[in-house]
Amino acid sequence: MKKADIIKKNIEITKKQIKKSVTQDLLLVQSIHSIDEINKAINILLKRLREWYELYFPEFSKLKEDNETFVAEVSTFSRSDLMKKSKIRTTMGADLETEDINAIKSLAEKINKLYKLRESQQNYLDKLAAKIVPKTTAVVGSNIAARLIAIAGCIKNLAMMPASTIQVLGAEKAFFRHLRTGTKMPKYGIILQHPLFERTPKKEHGKIARKLASKISISIKEDYFKNVKNV
Numbered sequence: 022m023k024k025a026d027i028i029k030k031n032i033e034i035t036k037k038q039i040k041k042s043v044t045q046d047l048l049l050v051q052s053i054h055s056i057d058e059i060n061k062a063i064n065i066l067l068k069r070l071r072e073w074y075e076l077y078f079p080e081f082s083k084l085k086e087d088n089e090t091f092v093a094e095v096s097t098f099s100r101s102d103l104m105k106k107s108k109i110r111t112t113m114g115a116d117l118e119t120e121d122i123n124a125i126k127s128l129a130e131k132i133n134k135l136y137k138l139r140e141s142q143q144n145y146l147d148k149l150a151a152k153i154v155p156k157t158t159a160v161v162g163s164n165i166a167a168r169l170i171a172i173a174g175c176i177k178n179l180a181m182m183p184a185s186t187i188q189v190l191g192a193e194k195a196f197f198r199h200l201r202t203g204t205k206m207p208k209y210g211i212i213l214q215h216p217l218f219e220r221t222p223k224k225e226h227g228k229i230a231r232k233l234a235s236k237i238s239i240s241i242k243e244d245y246f247k248n249v250k251n252v
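Numbered according to this note's numbering, the sequence shown spans residues 22 to 252.
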């Protein structure tokens with residue numbers, strides 16, 4: 022076989038390997054990363070919008086604490102309409118030119134679109150997680166399931182981890198700080214985002230974390246081996 026033929030054959034094999042390497046759990050990882058990036062963009066632009074709008078109508082910005090509602094109303098209604106709706110008689114805000122107001126509204130509209138994009142991505146993630154890791158999603162929800170897989174690298178890696186490791190996934194920075202400076206060793210990582218922790222006293226968190234990590238360890242193994250069986 023000629024050298025050119027060998028190179029061509031190797032390229033074909035590599036292409037096939039790359040194609041096979043794009044698994045559904047990688048789609049799950051990209052999906053949760055996209056949601057995180059959208060959230061970062063929203064938070065940055067939202068801070069700018071509030072500071073900008075407060076030059077024009079500070080009372081309304083202070084009144085509307087819910088960010089999504091604030092953005093939707095700023096992008097839709099004029100200041101006079103919002104004053105009527107909110108029963109605000111006067112404002113200390115500046116009387117801006119139409120061009121200035123339009124620039125503020127344009128930013129609000131862009132943020133509003135980001136909210137809709139996030140909702141769309143979240144719906145996609147929910148469906149994908151329910152399809153790929155249904156049992157783990159039932160235990161911790163699609164977002165935490167996807168984050169754990171993202172940190173582990175893939176479903177297989179997560180399935181091979183003991184519950185004690187799963188419990189602290191996402192607390193790597195705190196763990197290395199513990200090794201460097203002797204600070205307290207972290208007891209839990211990403212799983213702390215589970216709603217169970219919000220509803221229980223802090224003294225119970227360790228117990229909940231152990232139980233939750235144990236359930237995840239079982240469910241992710243079931244999900245992984247079911248996927249392997251179906252391949």
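Think of the CB as a built atom: it goes at the ideal place given N, C-alpha and C, for glycine as much as any other residue.
- Put simply, the segment 217-230 does not touch the segment 142-160. Fewer than three CB pairs are less than 8 angstroms apart.
- A residue is called buried once 16 or more other Cβ atoms fall within 10 Å of its Cβ, and Gly174, having fewer, is exposed.
- By the criterion of a C-beta distance shorter than 6 angstroms, Glu130 is surrounded in its chain by Ser96, once the five residues flanking it on both sides are discounted.
- In this model, Pro216 and Gln45 are separated by some 26 angstroms (Cα to Cα).
- Out of Val161, Arg139, Lys126 and Val92, the CA that lies nearest to the CA of Lys236 is found in Val161.
- Unbroken alpha helix (DSSP H) stretches of 4 residues or longer found wholly inside the segment 177-226: 184-189, 193-202 and 216-219, given in chain order.
- The shortest CA-to-CA distance from Gly210 to any of Ala166, Thr90 and Thr158 is the one to Ala166.
- Here Asp244 is buried. Its C-beta has 16 or more other C-beta atoms within 10 Å.
- In terms of CA proximity to Met104, Lys85 leads the group Asp121, Lys85 and Arg69.
- Taking C-alpha positions only, Ala180 is separated from Ile172 by approximately 12 angstroms.
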